[in-house]
Structure formats: structure tokens, C-alpha cells
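First comes the structure, then the notes that go with it.
Residue numbers (this note's numbering), protein chains in the order written: chain S, 246 to 416; chain R, 20 to 145.
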């Protein structure tokens, strides 16, 4: 099953890479690959078009696709990570009691939920989970230099709005 | 790992030694060390991000299997005192403090001068 998913994701990446506009394609039924966001869209969102990173080799997370981006320049004050799943849902994010300061919002015309998370002494992020047909995509501004929470939440909102056009469209 | 404060203190002492002229490093070597610090910090931050995302990949819904492994992972990777995320941050703090020392031996103005010179060469006399 895992191999099949990997193959489908690979095929999806290939097709997105070649095809350009693939809105409403049958591939929407499989997990959307966050690394299908083009370097042009990344640059337009004010991020470094030459940097993108998925899970490291040897780390397998069957439920979530990952693509991480950073702002341009040597310093990395934060990362913007984009994770996608077709088995998890927006409602799970709303129900999770570990998600702090939650608020409902709309991104484009999609239902979304913004919240903060904290891990350990030093880990903080502000996230926006956006409904996908099917599944969910989560944009996270993950702190790397003690940015205030309010700044992380501004950054994630700005980048999510900028990158919304790259998400798969519903039919 | 040991007390993460110790290496930071050590490099802070070297920074003081550099300020008082007791420590010297030639500017080319220092600049290369500083660049190596940039690369290493980028790598460490990338790992820290991945640890953070793994912590959350875990939190959504329930997997059918691997519950023990997940509990163990959560404590090692992200919970408790010596969790992966905070340990990586303390490594980053040390490398940043090292870089402070290296940067004392070359200045950003060197780079500005080089950039200006290159611009002048490129534009040439009109």
C-alpha cells in the first residue's frame, strides 16, 4: 500500500511537473504533493525559490506529505512548512485540545482554521489548516529565532493566502 | 549530552579573548569558518523543523499499530527534559556563538568593498 501511494505521488509530481494547469484532474483523489508548488509561486510568496525540502531519507510518514520552504537569505528566522494528508481532516485540527488560540477563517473560498502549537521549551509554530477535496493541508510558520507568536501568525496567514492558488481545485 | 551552557560559555570567553587581542585568526580562515557555521546552522535548523513536524504528524488521529513506539518517540523526540527539539536548539546556540567569534576577524565592510569594486568594474567608465 505504501509503495502504491509513493508511486502515485511520484506520478502526480511528474504530471504536475509537465502539465502545468491540471485543475480538476482525477489525481485530486490522491494526496496532493506540497512539493508540486512551483518555484515561481514560492518566489511570488516572498520565499526562497531555490530551497525546498521534504522528509529526510529514511523517515517515512505515510499520513503526511511534506515540503518546507524558507525566506531568502542566510539567516533562517522561520520555516514555512506545508504538509498534506488525504486521511486527516480539518475537523481533527479543530478538535485537538493541544492546538492553542484556535480561530476559524476562510482562505480563498476554502474553510480553514488557524491555531498555535508548542513543543518542548523552544518549539513554537502558528499553523493554518485548510480543507482540501479530499483531506487537509497545513501551512506552518515554525519559529527558528524567537519570533513573537503574533508575527508567526501574520507570516503564516500571508504565505497561506499567497500559496492558495497552488492548491488543487475542487470539481 | 552534558550541560549545553558550557560550550556557549567557552565560546563567549574566546570572544572576549578576541576583543582583548589575546586571540587572533586570519580573516580568510575566519570567514571560511563563519561560512561553515552558516551551512551547519541551516542543517541543524532543518533537522529541528523535521523533529517539530514529526511531533505533529503524530498528534492527528490514531494509528492502529506502533503505539509503544509512538509513546517512546514522543518522549525522546519532543517531550521531557532532553527532547530532540530543545537539544538541537542548544546545538544551534553554540554554533551561533562560535560564529560571533569568527566574525570578529573579518568585517562585513570587506564584503561591501568587494561588492562596490565589482560594481565599478562591471559598469566601467561611461
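Just so you know, even glycine gets a beta-carbon here, dropped at the ideal spot from N, CA and C.
Check: Nonlocal neighbours in the same chain, by C-beta distance under 6 Å from residue 379/S, ignoring five residues either side; Outcome: 331
Check: Helix, strand or coil at residue 345/S according to DSSP, with G and I counted as helix; Outcome: strand
Check: Beta-carbon proximity check, residue 279/S vs residue 287/S, cutoff 7 Å; Outcome: no
Check: Proximal residues, the stretch 308-326 of chain S versus chain R, C-beta separation under 7 Å; Outcome: 308, 309, 311, 313, 319, 321, 324 and 326
Check: Separation of residue 374/S from residue 27/R, as counted between CA atoms; Outcome: 38 Å
Check: Continuous beta strand (DSSP E) stretch holding residue 124/R: start and end; Outcome: Counting along the chain, residue 124/R falls outside any beta strand (DSSP E), and DSSP gives it neither H nor E.
Check: Same chain, Cβ closer than 8 Å to residue 182/R, neighbours up to 5 away in sequence not counted; Outcome: This structure leaves residue 182/R out entirely; chain R is present only between 20 and 145.
Check: Top-ranked residue by Cα proximity to residue 320/S, from 101/R, 102/R, 39/R and 54/R; Outcome: 54/R
Check: Inter-residue CB distance, residue 387/S and residue 326/S (contact presumed, cutoff 8 Å); Outcome: 6 Å
Check: Neighbour flag for residue 112/R against chain S, beta carbons, 7 Å; Outcome: no
Check: Residue burial classification, residue 348/S (beta-carbon count within 10 angstroms, cutoff 16); Outcome: exposed
Check: Exposed unless 16 or more other CB atoms sit within 10 angstroms - verdict on residue 69/R; Outcome: buried
Check: 6 Å Cβ shell around residue 255/S - same chain, five flanking residues per side excluded; Outcome: In this predicted model, residue 255/S has a pLDDT of only 49, less than 50, meaning its place in the structure is not dependable enough to derive any value.
Check: Contacts around residue 371/S, its chain only, beta-carbon distance under 6 Å, and the 5 residues preceding and following it disregarded; Outcome: 361, 386, 397, 398 and 401
Check: For residue 326/S, three-class secondary structure by DSSP; Outcome: strand
Check: Nonlocal neighbours in the same chain, by C-beta distance under 6 Å from residue 310/S, ignoring five residues either side; Outcome: 276, 278, 279 and 329
Check: Residue span of the alpha helix (DSSP H) that contains residue 410/S, given as start and end; Outcome: Counting along the chain, residue 410/S falls outside any alpha helix (DSSP H), and DSSP gives it neither H nor E.
Check: Beta carbon proximity, residue 303/S to chain R, threshold 7 Å; Outcome: no
Check: Inter-residue spacing [alpha-carbon to alpha-carbon] between residue 353/S and residue 52/R; Outcome: 46 Å
Check: Where the beta strand (DSSP E) through residue 370/S begins and ends; Outcome: 368-376
Check: Short CB-CB distance (under 7 Å) between residue 351/S and chain R; Outcome: no
Check: Buried versus exposed, by CB contacts within 10 Å (16 or more), residue 345/S; Outcome: exposed
Check: Test: residue 287/S CB closer than 7 Å to a CB of chain R; Outcome: no
Check: Buried or exposed (CB count within 10 angstroms, at least 16 for buried), residue 105/R; Outcome: buried
Check: Counted within 10 angstroms of its Cβ, other Cβ atoms place residue 31/R as buried (16 or more) or exposed; Outcome: exposed
Check: Listed by chain order, chain S residues near residue 68/R by CB distance under 7 Å; Outcome: 313, 324, 326 and 387
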